[in-house]
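There are 2 protein chains.
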Amino acid sequence: MLDVDNNDFSRVGGADMAAFSGPVVNIDHHGTNLRRADALLVDPSQPATAMMLVDVLDALNVPLTEALATPLLLGMITDTGSFQFSNTTPQTLRTAARLLEAGARLNWLNEQRLQNPPTYYTLLREVLNSMEFQHDGQVVLARVNEAMLERAGGNWEDVDPYVNMLRNAEGGKLAVLIKDFGDKVKFSLRSRGGVSAQNIAVALGGGGHVPAAGATVEAPYAEARELLDQAVIAELARAQTPPQPQE
Amino acid sequence: MLDVDNNDFSRVGGADMAAFSGPVVNIDHHGTNLRRADALLVDPSQPATAMMLVDVLDALNVPLTEALATPLLLGMITDTGSFQFSNTTPQTLRTAARLLEAGARLNWLNEQRLQNPPTYYTLLREVLNSMEFQHDGQVVLARVNEAMLERAGGNWEDVDPYVNMLRNAEGGKLAVLIKDFGDKVKFSLRSRGGVSAQNIAVALGGGGHVPAAGATVEAPYAEARELLDQAVIAELARAQTPPQPQE
Chain Z
7 MLDVDNNDFS RVGGADMAAF SGPVVNIDHH GTNLRRADAL LVDPSQPATA MMLVDVLDAL
67 NVPLTEALAT PLLLGMITDT GSFQFSNTTP QTLRTAARLL EAGARLNWLN EQRLQNPPTY
127 YTLLREVLNS MEFQHDGQVV LARVNEAMLE RAGGNWEDVD PYVNMLRNAE GGKLAVLIKD
187 FGDKVKFSLR SRGGVSAQNI AVALGGGGHV PAAGATVEAP YAEARELLDQ AVIAELARAQ
247 TPPQPQE
Chain R
7 MLDVDNNDFS RVGGADMAAF SGPVVNIDHH GTNLRRADAL LVDPSQPATA MMLVDVLDAL
67 NVPLTEALAT PLLLGMITDT GSFQFSNTTP QTLRTAARLL EAGARLNWLN EQRLQNPPTY
127 YTLLREVLNS MEFQHDGQVV LARVNEAMLE RAGGNWEDVD PYVNMLRNAE GGKLAVLIKD
187 FGDKVKFSLR SRGGVSAQNI AVALGGGGHV PAAGATVEAP YAEARELLDQ AVIAELARAQ
247 TPPQPQE
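If you read the sequences in order, they're chains Z and R. With this note's numbering applied, the first sequence covers 7 to 253. With this note's numbering applied, the second sequence covers 7 to 253.
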């Protein structure tokens, strides 16, 4: 079995790997790779596993065809945010150039990727209607609850991507997307400009990275929100050390 | 004067060119270039003028520095939709790779580009609240009027970009953004999948290209909308020739 872009053999979707006893080849770029396959090619310095696959094809003298190049380009686009993330290297762009030359259908891929289902719009409307700007626009929040989700016809999993839209607010240093489940509340946090989403998440019993973190608080919204607001104020105070002029 | 990425000398922003009598060098990739400068380098086959500038710098043996590479990369990103448009060629990606090697600040550019002012959100909310799906989702419309604009705190120029968001609706073949000025109505049209925005625009007294066109109707909304709806039905009927199975 060839297991690609996956850090854990047992996580292969749609197949019961417990029943598989043959050899496993694992090609991956995740730093969290468990390194358990029979043959491993793991390089966390690579922006996309798709780039490693091109290297493997080159080493095997396999010519690039459109059928190979299009899915490989999709892998590269996905992992580099369409060449917008900081992991985009000169080599990323050169490999993408070779895939284009081999016939990769760049525009077709992007047309497919950018299709929004109707719930994208209805849920976006709910998120926007709940948006709040705090602390001179440094903090941007939005909340989704069961009633809003039902009105929009969406699922909880559909909600997560909107935190990036909140994150892109001009002057914003912290974006918080709040999933209000009724009996508990989940905060998704994104930060920049010296503010740590991680610090806030940790204060709320969660965790993550400095720019992207999360926490679940086992309390109704009003109570959980109070805890969030306190943690945000504490983190803004910390991040503004040395003190910055206040308007 | 070096006039770059501009098709008409007289359109140079922020300067009164009528008073300028010196030599003008024009480097541009627009097919509509008026070809009036003293020295011209015009190549409509190039995805971005920034790529032509790299060629000029190479011909002049000017080494690429970060100060040159970052604005050149911005030009390339802007004109190729961050390497997502169909004008992205292998050469586009290779030139971008060279700019990255010269220190171009790709991630910083994208961070700056993706900042949304507060009116982005308030206006998006208005657009979403007015969204309509017609003809089984093949047609997506949204309308902005003076009252909505005032509520959002935005200007008419802020409205135009939202047509692309409408255009990305799954199953959509025609997106219409309607600017309702009260005494007249402006339609911005985007189409795909065999439907011609141009045909609809022409039927309404406007014009443009097949995938992107526009028309202004000198009538109040209800009347103009009636004309639009008729033109849309006629174009859908035409585009569905040969007849397609109706649900």
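The C-beta atom is built at its ideal place from N, Cα and C for all residues, glycine as well.
Do residue i and residue j have their C-beta atoms closer together than 8 Å?
i, j, result
"alanine 207 of chain R", "glycine 214 of chain R", "yes"
"proline 96 of chain Z", "alanine 103 of chain R", "yes"
"phenylalanine 139 of chain R", "proline 124 of chain Z", "yes"
"threonine 94 of chain Z", "methionine 57 of chain Z", "no"
"serine 92 of chain Z", "phenylalanine 89 of chain R", "no"
"alanine 158 of chain R", "glutamate 132 of chain R", "yes"
"aspartate 34 of chain R", "aspartate 61 of chain R", "no"
"glutamine 121 of chain Z", "glutamate 176 of chain R", "yes"
"leucine 233 of chain R", "leucine 210 of chain R", "yes"
"leucine 79 of chain R", "leucine 99 of chain Z", "no"
"tyrosine 127 of chain R", "methionine 137 of chain Z", "yes"
"leucine 115 of chain R", "threonine 76 of chain R", "yes"
"valine 223 of chain Z", "arginine 196 of chain Z", "no"
"phenylalanine 187 of chain R", "alanine 221 of chain R", "no"
"glycine 160 of chain R", "leucine 134 of chain R", "no"
"glycine 178 of chain Z", "glutamine 144 of chain Z", "yes"
"arginine 244 of chain Z", "proline 217 of chain Z", "no"
"glutamate 72 of chain R", "alanine 110 of chain R", "yes"
"alanine 230 of chain Z", "valine 191 of chain Z", "yes"
"glycine 81 of chain R", "threonine 55 of chain R", "yes"
List the endpoints of the continuous beta strand (DSSP E) containing residue i.
i, result
"threonine 222 of chain R", "218–223"
"alanine 148 of chain Z", "145–151"
"valine 18 of chain Z", "Taken as a continuous stretch (DSSP letters only), valine 18 of chain Z belongs to no beta strand (DSSP E), as it is neither H nor E."
"arginine 231 of chain R", "Careful: arginine 231 of chain R lies outside any beta strand (DSSP E), inside the alpha helix (DSSP H) at 227–245."
"aspartate 9 of chain R", "8–10"
Can you look up residue i in the DSSP assignment and give me helix, strand or coil?
i, result
"asparagine 174 of chain Z", "coil"
"glycine 214 of chain R", "strand"
"valine 182 of chain R", "strand"
"leucine 134 of chain R", "helix"
"glutamine 118 of chain R", "helix"
"arginine 198 of chain R", "coil"
"glutamate 253 of chain R", "Confidence at glutamate 253 of chain R is low in this model, with a pLDDT of 42, below 50, so its placement is unreliable and no value can be given for it."
"proline 248 of chain Z", "Reliability fails at proline 248 of chain Z, whose pLDDT of 48 lies under 50, so the model's placement of it is uncertain and the value that follows must be treated cautiously. Coil at proline 248 of chain Z, not helix or strand."
Please list the terminal residues of the continuous alpha helix (DSSP H) segment that includes residue i.
i, result
"valine 208 of chain Z", "203–209"
"aspartate 166 of chain R", "Careful: aspartate 166 of chain R lies outside any alpha helix (DSSP H) and carries neither H nor E."
- Validate contact between the region 136–156 of chain R and the region 176–185 of chain R using beta carbons, cut 8 Å, 3 pairs: yes
- Which runs of the alpha helix (DSSP H) fall wholly inside the region 26–113 of chain R and span at least 4 residues, in chain order? 55–65, 72–86, 96–107
ask   = Touching or not, the region 11–27 of chain Z and the region 61–68 of chain Z, by the rule of three or more beta carbon pairs under 8 Å?
value = no
Exercise for the section: Spell out a yes or no on whether the region 43–53 of chain Z and the region 18–34 of chain Z are touching, meaning 3 or more CB-CB pairs, one atom from each, closer than 8 Å. Expected result: yes
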